[in-house]
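Take a look at the structure set out below.
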RNA sequence: GCCGACAUAGCUCAGCGGUAGAGCAACUGAUUCGUAAUCAGUAGGUCCACGGUUCAAAUCCGUGUGUCGGCACCA
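Numbering (this note's numbering), first residue to last: 303 to 944.
Quick look at the structure:
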């Protein structure tokens, strides 16, 4: 006699066990048509699930956010059926919904190519049109293994074998096609709709482990309706236009070439951008109690052995040898051992702590070829690196200070929002569990004090300590770690750093490894995408173009440019014999934030007409006034606040 | 590193066995013009590299390098 409580508080009683389908139908034909699944006491289940006891039921319709996930998951099943119909002998593995879509991993000797897509999509539409109901059934573990083994689906059999003992093993059929799946699903394949599109193929390791077989993955996107799909595809096309590799080329910021794989050639305009960021960072660090240092590029392997990096990262280090000396040097992949060497010069007192040592250190890492990506993941990069030597008691304070500094800097660079991940101890690590308990505890405590919301990233910490990762997202939706704060109780021990405590005893300092931008290359790459190349005046490589209308104004335009340069602005003078329309277009395409137009009239009145990028209005100002205004606008935010 | 795709003029791309093409940019000339492309002309290529197949290769095959999309990695 289940009594069903609905979201509006009303209660409906039934004489016997009922399915969601029946309940929905009892409420009305509209809901009967719209209900795709339901939540019973908060748990998402198939609409066909039988409800035996009193329960609160919420029906899921296409409008609900969760429906989108179900459409994508079901679409993955439709994809799998289509692939097996078209390519017999292909084994299915897993196919979850993901952000914006879904994927399915297949085991097949010959990987799929995008040329297979039209046929697969056509078959998928056919399966959707069949509208076969999704039917759930429960199977015994051994039967399940036998069933899939007999079908030649060894991956599915392996999945069942590895499910926890208590887990109910369920199959879902759609017509003749059957898949191992936890569910839930919508009513039938027809509910998937037709607003889907296969996007790309890729290799992916079985269970994400590179020691396992390489599977063939097909990615797709799926939406409620065509309009949503079109909007998504349009968004992707727009995002492509913001790609830093494209903008870097168009604006002439940098280039990469084969002879220096993974290293950036910064062009004058790109380097201007870089330096504006670096100058800003240097000011911020100076004011925040950091001392800047510079440590060697090449350091003997002995130091890397002592630090533990040689053992763990040797194959990712660039190694140098000289003929006459029997020495092996490594290009530094990081700055920390160097900073410890500076710390160790002379006797340190507790009075010097916390000691914050910063370096814009150029590091080299032999990154796997497949990891390289534009200027975001390179083999040669510069970090805004610093190490804070302090007592354990000070970890929380320093973390709070760091988060405040980072937030302020990110906001200045146009990132008011960012996400934080807390990475805990990895399987392979240095240091005792006790030390790790300490480090993780201190960091968690500090986050609580600083009011930092984070998600846990289990097992992803550095080998010497837990870390916070500050994550920004690029134009294409990929997440990149930029800032980081890592607690290290291991390296000071390994490299024997110590200080004299208040009581005269020798103690180990704690090291906090921290970076705000992370690598300049990566951060600038993301910033280019964030602004789509349309930088605020303080960052723009070229801040003002002075463009003439007639050659009679050339001389005065030269004066204008000189006055702006004297005020510290980066200015280009355009006296070419082109129409003003063409000049405006050319510099707009180059994303110059301000164009100062000078014609005969301005020359006579000693004025300039300022035009903003993307705007149509122009402001005509006296020369002095214009210079003052632009000087203020070009002032970096930290100086503007001062 | 692994799977797949791609590599043609400075840029974006077409050509896919029979003497290498377009638009934009560049250069030259004319035009002095008021806020997102003035007109005309000229020049520009070991078709990524190295092998192979063929009477003939940018085009087909192999190897390498790089790039792109994922996976794995990321001190």
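Where a beta carbon is used, it is the ideal one built from N, C-alpha and C, also for glycine.
Owing to the predicted nature of the structure, the values given are computational and were not obtained by experimental measurement.
Of the residues 330, 434, 477, 485, which one's Cα is nearest the Cα of residue 346?
Residue numbering aside, residue 346 sits at position 44 when the first chain is read from its first letter. When each option's Cα is compared against that of residue 346, the closest is 485.
Residue 488 beta carbon less than 8 Å from that of residue 587:
For the purposes of this step, residue 587 is taken as residue 285 along the first chain, with counting starting at 1. For the purposes of this step, residue 488 is taken as residue 186 along the first chain, with counting starting at 1. Cβ atoms of residue 587 and residue 488: not closer than 8 Å.
How long is the line joining the alpha carbons of residue 361 and residue 517, rounded to whole angstroms?
In the first chain, the residue the question calls residue 361 occupies position 59. In the first chain, the residue the question calls residue 517 occupies position 215. Cα-Cα distance, rounded: 37 Å.
Helix, strand or coil, according to DSSP, for residue 794 in the structure here?
Along the first chain, read from residue 1 onward, the residue named residue 794 stands at position 492. Three-state DSSP puts residue 794 in a helix.
Give every residue of the same chain whose Cβ lies closer than 7 Å to the Cβ of residue 377, excluding the five residues on either side of it in the sequence, and list them in chain order.
Here residue 377 refers to the residue found at position 75 when the first chain is read from its first residue. Hits under 7 Å: 404, 494, 498, 522, 524.
Residue 708 versus residue 744 - alpha carbon distance:
To locate residue 708, count along the first chain from 1; it is residue 406. To locate residue 744, count along the first chain from 1; it is residue 442. Looking at the two C-alpha atoms, the distance is approximately 19 Å.
Can you give the beta carbon distance from residue 728 to residue 763, rounded, assuming they're within the 8 Å contact cut?
Residue mapping note: residue 728 aligns to position 426 of the first chain, counting from 1. Residue mapping note: residue 763 aligns to position 461 of the first chain, counting from 1. 5 Å between Cβ atoms; contact.
C-alpha gap between residue 282 and residue 319, whole angstroms:
Since the first and last residues shown for the chain are 303 and 944, residue 282 lies out of range.
Tell me whether the segment 411-430 and the segment 524-541 touch, counting them as touching only if at least three CB pairs, one residue from each stretch, are closer than 8 Å.
no
Give a yes or no on contact between the segment 373-392 and the segment 473-484, applying the rule of three or more CB pairs nearer than 8 Å.
yes
With a 10 Å radius around its C-beta and 16 neighbouring C-beta atoms as the bar for buried, classify residue 871 as buried or exposed.
Counting from one through the first chain, the residue named residue 871 turns up at place 569. Residue 871 comes out buried.
Element boundaries [beta strand (DSSP E), containing residue 479]
Working through the first chain from its first residue, we reach residue 479 at position 177. Counting along the chain, the beta strand (DSSP E) containing residue 479 begins and ends at 479-482.
Could you tell me if residue 875 is buried or exposed, where buried requires 16 or more neighbouring beta carbons within 10 angstroms of its beta carbon?
Position 573 of the first chain holds residue 875. With 16 or more other Cβ atoms within 10 Å, it is buried.
Helix, strand or coil at residue 252 [DSSP, three-state]:
As shown, the chain starts at 303 and ends at 944. That puts residue 252 outside it, with no answer to give.
What are the residues that DSSP puts in a beta bridge with residue 386?
Position 84 of the first chain, counted from the first residue, corresponds to residue 386. Bridge partners of residue 386: none, in fact.
Residue 586 - containing alpha helix (DSSP H), residue span
Here residue 586 is taken as the residue at index 284 of the first chain, counted from 1. Unbroken alpha helix (DSSP H) run through residue 586: 570-589.
N- and C-terminal bounds of the beta strand (DSSP E) containing residue 759:
Working through the first chain from its first residue, we reach residue 759 at position 457. That run of the beta strand (DSSP E) goes 757-759.
Which whole-angstrom value is the C-beta distance of residue 845 and residue 839, which I expect to be below 8 Å?
Start at 1 with the first residue of the first chain, and residue 845 comes out as number 543. Start at 1 with the first residue of the first chain, and residue 839 comes out as number 537. 5 Å between Cβ atoms; contact.
Local conformation of residue 661 per DSSP, three classes:
Residue numbering aside, residue 661 sits at position 359 when the first chain is read from its first letter. Looking at residue 661 - three-state DSSP - the assignment turns out to be strand.
What is the residue span of the beta strand (DSSP E) that residue 305 lies within?
Reading the first chain from its first residue, position 3 is the one you call residue 305. Run containing residue 305: 305-307, per the beta strand (DSSP E) assignment.
May I ask you to verify whether the segment 633-645 touches the segment 786-799, counting CB pairs closer than 8 Å and requiring at least 3?
yes
Residues bridged to residue 913 [DSSP beta-bridge criterion]:
On the first chain, position 611 is the one that residue 913 refers to. 897, 920.
Please classify residue 683 as buried or exposed, where buried requires at least 16 neighbouring CB atoms within 10 angstroms.
Counting from 1 along the first chain, the entry for residue 683 is found at position 381. Buried, because 16 or more other Cβ atoms sit within 10 Å of the Cβ of residue 683.
Residues that DSSP places opposite residue 772 in a beta bridge
Translated into positions along the first chain, residue 772 becomes position 470. Note: residue 772 sits in a beta bridge opposite 722, 785.
Helix, strand or coil at residue 500 according to DSSP, with G and I counted as helix
Reading the first chain from its first residue, position 198 is the one you call residue 500. Here residue 500 sits in strand by DSSP.
What are the start and end residues of each continuous alpha helix (DSSP H) run of 4 or more residues lying completely inside the segment 511-568, in chain order?
528-544, 546-552
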